[in-house]
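Here the protein sequences line up with chains L and X, keeping their order.
Heads up, the first sequence is in the working numbering, so the first residue is 3 and it goes up one at a time.
Heads up, the second sequence is in the working numbering, so the first residue is 3 and it goes up one at a time.
Glycine included, C-beta positions come from ideal geometry on N, C-alpha and C.
2 protein chains.
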Amino acid sequence: MTDQRDTSDELRTDGGDVSREEASFVEYGIEDKPPLGESIFLGVQHYLTMIGATVAIPLILAGLMEMPPAETARLVGTFFVVSGVATLAQTTIGNRYPIVQGGTFALLAPAIAIILAHGGPWETTILQLQGAIIAAALIQVVLGYSGLLGKLKYYLSPVVIAPVIVLIGLSLVDVGDVTRVGQNWWLLGLTLFLIILFSQYLDQYSRYAKLFPVLLGIATAWILAGILTAAGIYTQETHVAEDGSSLGYIDTSLIAEAPLVQPIYPLQWGIPEFTLAFAIGIFAGVVASMVESIGDYYAVARISGLGAPSEKRINHGIGMEGLGNIFAGIMGTGNGSTSYGENIGAIGITGVASRYVVQIGAIVMLIVGFLGPFGALIVSIPSPIVGALYIAMFGQIAAVGLSNLKFVDLDASRNVFIIGIALFLGLALPNYFANFESPGDFQALAEGAAVIGPVLGQQVVSDTIFVIGSTTMAVGGLIAFILDNTVSGSREERGLAQWEDLSEDESEFQTVFERFRSDEPAPVDSAD
Amino acid sequence: MTDQRDTSDELRTDGGDVSREEASFVEYGIEDKPPLGESIFLGVQHYLTMIGATVAIPLILAGLMEMPPAETARLVGTFFVVSGVATLAQTTIGNRYPIVQGGTFALLAPAIAIILAHGGPWETTILQLQGAIIAAALIQVVLGYSGLLGKLKYYLSPVVIAPVIVLIGLSLVDVGDVTRVGQNWWLLGLTLFLIILFSQYLDQYSRYAKLFPVLLGIATAWILAGILTAAGIYTQETHVAEDGSSLGYIDTSLIAEAPLVQPIYPLQWGIPEFTLAFAIGIFAGVVASMVESIGDYYAVARISGLGAPSEKRINHGIGMEGLGNIFAGIMGTGNGSTSYGENIGAIGITGVASRYVVQIGAIVMLIVGFLGPFGALIVSIPSPIVGALYIAMFGQIAAVGLSNLKFVDLDASRNVFIIGIALFLGLALPNYFANFESPGDFQALAEGAAVIGPVLGQQVVSDTIFVIGSTTMAVGGLIAFILDNTVSGSREERGLAQWEDLSEDESEFQTVFERFRSDEPAPVDSAD
């Protein structure tokens, strides 16, 4: 460890290739392929970290649309299938990073706005959501594959990316699974304690503790909750929250009654419908998710010991996320597909950055999506266990964001000012927008604003402001981006010069077309 | 700038005295004495940054205790007087850092609990608050001057201090002055824009812009609000919030009607009364404020270009804060006295770290406290202007906290894990406790907890948990402290070794007794 630091210091003085030092805790690099059996468990663990969001989003949507239970289970399965397919596509013909793709909270806010605005039965509402997502995602595909988005890279210094990643990590500090009044702190505390115990204390004594802290923590807590349920201590009356979330009660009847295979196929709810205002609202969410995803790319590159992403890799990543959104729209999740910060957190804890492992996990997810009982099993993870997962995962992401600051001159007043104001407003503005029950309430207030009321009051304008203003990383990212590119500061102060040295060469990432065209094997992504 | 960085890199390689590089933006060092005229304006500016808290705390207390208006004005004045005296004491015979001392939000939560629990008229409630504060502060004085607290220093690495300072900075992301529904974004935006304009864009062209961005920003916005009030555009009906906060309306009648001199003296409300349970609640707040203050010391040392504080300096700082709390208890603020992060933010923006300037500001504050119209003028600063101040100031503090990470090995998994979980829980747990209207509501829930309910339900226990759990920096600090001192990691990884090299020598800080005893002039605190 000490040796490695010395080397990196030397390299830094030489302006050399620092990124190529793999972070000290990478256990399996991006190109490594652990044995299949181990890979299945590792892959499942990667997916378990994002289970909270992947189950929460469809449950929220279904609840608001008043979908019946059987269709809700199918919607959850659809999320799993889309996640599996999108992850396989992204890891093979997209940016090839070991990032799980899945449903996104960034599209949830505009989706809720659409559901409230539309007001129809769920059978037509979901078609509206699908149409809006497909339309917005078409623009994303163009932005990505045309190469426009990659150009942004030259204006995105660590001064911008660091607060964006920190804010991704801190975006869930108010999520119900952590902060609900009746939270079961015993179960949440136990799960968190076990994850910390395995990953931080026992990791030196046991390879299993080091590789599977999350899986071991969740499984132990889950089994305990099952035993307490069987013993009649956790009951439907005492350990289920008012909103239906389990606080420890494991509802085995859901698993027993689920159909073995559930039908999930494209256009399963009908032909998507298109409304312009809805598409604009969703596009605001897509913008937020793109900023978040670019942050994720930098984070996963940094935590996997790779150089910062090249322009081409960003383009192909975002372009593929656009295709993932279109696929989600066609399948009918009522949501989109984006990169998941949660599994980046898992890489930080376990040191497993293997793309192969993520792909194996995606295949498992794809299969599980069709299997009713497996899906029900996953859905049965109680809220306190999910809450503990969030704490461990999202904290990691925040800290990984901070680690980008090592490229920034923190003695320069401009940097301290910009990072500080981006972090503060990134958290404060969404708190302001949380005052409003719906985007409509905000519109009503915006109409009355002095001077610019008539413009602000337009639904398209107020919805866009509402969606972006409610998204921590979008607020912080935009503020940091504008200030960092207008307040005077040298490329060295901003860390842009250092990052350019560290960025992988454009040749290091080959698109799928280039790889097919070339006779030689593609160069590996990891430089080690 | 570049030269300075090169030097520091060289020093770092040598394990040398890096801290002695002054941050690039220090305009006036700690020992510098700007001309008196300039110092008055600079000192007032330092104090204006903390005006929000200094006015908010007494207004909240007075509101809850149902104090009549005249006594409320006197309470506000008492806060100013205590702040002035405590600052003069801290900067001369305390830790001698240029930190403003003033009322603390950490004691507000237990104070609210006491007000609700006591339920008597304000005349007796305030005496209970005074007694509890004096008793709790006595322990703080012992902890400080006995030297016990300074020993903590050897267990406080940058891995602990960085998240504590970041969380101090982010503690106000949900403050009403920023996130209230009816906020006047025009006035808030203008004030923030002006502060950014002066400090980040015009600072290169004008020395006044660089030195007085906050004063210029506030004064301009305030005058504009005054004009709009005079023109009848901002009225009592349209621009005063339901809780009485001004959203732009400047109430000149308050200034005109205020008595020229208001009487403020020790024991002005009577003889303090003592109740054990109340003192324990307040002591929990004092613990939180001590963690915060130690973080402040590191922050102010770092931003002023000084070495990390010595054991002795920490002891004398905390001991003096205890004396400040006792003084506050005797004068009767119903609150205590602690170090203010806000003016550390101001140092970051203006580069003015002069102790002399802070002392001049303290004298102004002391006088203003007795002058009714001046106090009324200060109280008249509308909420949106205060909100803009918070955004600029607290963002700075968060970013200064982050800059401590340059001493930490961010490639070590343990550090990333600890910092991440401390930040996440530091924000999430207070969000959980915000669910409860009062500490009593939490007690009612805690009583019902499985197994440990009978212990948790004790008012002393539940109040203590409530107060500490509601304080971002206390939660994050405790979690980071425990993990950092139990998860294995070398002193180099943790940054302790680097910090020890950077710490000022014990001889560099002389207590007031030592300075009197010595015939020679005291060595200067700044090493330049």
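Below-8 Å beta-carbon distance, residue i vs any chain L residue
i: Trp188 (chain X); result: yes
i: Ile393 (chain X); result: yes
i: Val175 (chain X); result: yes
i: Ser415 (chain X); result: yes
i: Val183 (chain X); result: yes
i: Ala446 (chain X); result: no
i: Ala227 (chain X); result: no
i: Asp19 (chain X); result: Annotation note: pLDDT 36 at Asp19 (chain X) (below 50); position unreliable, no value reported.
is_contact[residue i, chain X] using C-beta, thresh 8 Å
i: Phe409 (chain L); result: no
i: Tyr434 (chain L); result: yes
i: Ser356 (chain L); result: no
i: Ala279 (chain L); result: no
i: Phe518 (chain L); result: no
i: Gln206 (chain L); result: yes
i: Asn437 (chain L); result: yes
i: Phe515 (chain L); result: no
i: Ala113 (chain L); result: no
i: Ala401 (chain L); result: yes
Of the residues the options, the one placed nearest residue i, counting alpha carbons only
i: Ala452 (chain X); options: L:Ala91, L:Thr240 and L:Ile229; result: L:Thr240
i: Gly45 (chain L); options: L:Gln361, L:Glu275 and L:Thr473; result: L:Gln361
i: Ala378 (chain X); options: X:Leu66, X:Tyr236 and X:Pro71; result: X:Pro71
i: Leu63 (chain L); options: L:Pro112, L:Leu368 and L:Ala355; result: L:Pro112
i: Leu485 (chain L); options: L:Ile316, L:Leu158, L:Tyr30 and L:Ala55; result: L:Leu158
i: Gly326 (chain L); options: L:Ser85, L:Val514, L:Leu199 and L:Ile53; result: L:Ser85
i: Val83 (chain L); options: L:Gln264, L:Ala286, L:Leu129 and L:Leu447; result: L:Gln264
i: Ala279 (chain L); options: L:Asp443, L:Ile117 and L:Thr74; result: L:Ile117
i: Ile135 (chain X); options: X:Tyr392, X:Thr335, X:Val402 and X:Thr231; result: X:Thr335
i: Ile266 (chain X); options: X:Val462, X:Leu77 and X:Leu504; result: X:Leu77
i: Val161 (chain X); options: X:Ser173, X:Asp503 and X:Lys408; result: X:Lys408
i: Gly146 (chain X); options: X:Lys314, X:Leu480 and X:Thr80; result: X:Lys314
i: Ala301 (chain X); options: L:Phe468, L:His120 and L:Val418; result: L:Val418
i: Ala243 (chain X); options: X:Gly343, X:Pro384, X:Leu192 and X:Ile95; result: X:Pro384
i: Glu510 (chain X); options: X:Ala221, X:Gln206, X:Ala223 and X:Ile316; result: X:Ile316
Cross-chain neighbours of residue i in chain X, by beta carbon under 8 Å
i: Val489 (chain L); result: Gln202 and Tyr203
i: Val180 (chain L); result: Ala430, Asn433 and Tyr434
Amino acids of chain L, ordered along the chain, whose beta-carbon sits closer than 8 Å to that of residue i
i: Gly171 (chain X); result: Gly422, Leu425 and Phe426
Boundaries of the alpha helix (DSSP H) in which residue i is found, first to last residue
i: Asn317 (chain X); result: Glu313 to Met333
i: Leu199 (chain X); result: Taken as a continuous stretch (DSSP letters only), Leu199 (chain X) belongs to no alpha helix (DSSP H), as it is neither H nor E.
i: Asn417 (chain L); result: Ser415 to Phe435
i: Trp501 (chain X); result: Leu498 to Leu504
i: Pro456 (chain X); result: Gly455 to Leu458
i: Val71 (chain X); result: What sits at residue 71 (chain X) in the sequence shown is Pro, not Val. From DSSP, the alpha helix (DSSP H) with Pro71 (chain X) extends over Pro71 to Ile95.
i: Ser440 (chain L); result: Where Ser440 (chain L) is concerned, there is no enclosing alpha helix (DSSP H), given that its DSSP letter is neither H nor E.
i: Tyr147 (chain X); result: Trp124 to Tyr147
i: Asp34 (chain L); result: Element bounds for Asp34 (chain L): n/a, residue is neither H nor E.
Residues that residue i contacts on chain L, provided the C-beta gap is smaller than 9 Å
i: Leu404 (chain X); result: Ala164, Val168, Leu404, Leu407, Leu412, Val418, Ile421, Gly422 and Leu425
7 Å Cβ cut-off: residues of chain X touching residue i
i: Gln398 (chain L); result: Val418, Phe419 and Gly422
Amino acids of chain L, ordered along the chain, whose beta-carbon sits closer than 7 Å to that of residue i
i: Arg452 (chain X); result: Per the sequence presented here, residue 452 (chain X) reads as Ala, with Arg not at that position. Neighbours of Ala452 (chain X) on chain L, chain order: Trp188.
Quiz prompt | Residues from the segment 330 to 357 of chain L in contact with chain X, defined by Cβ distance under 9 Å | solution = Gly347, Gly350, Ile351 and Gly353
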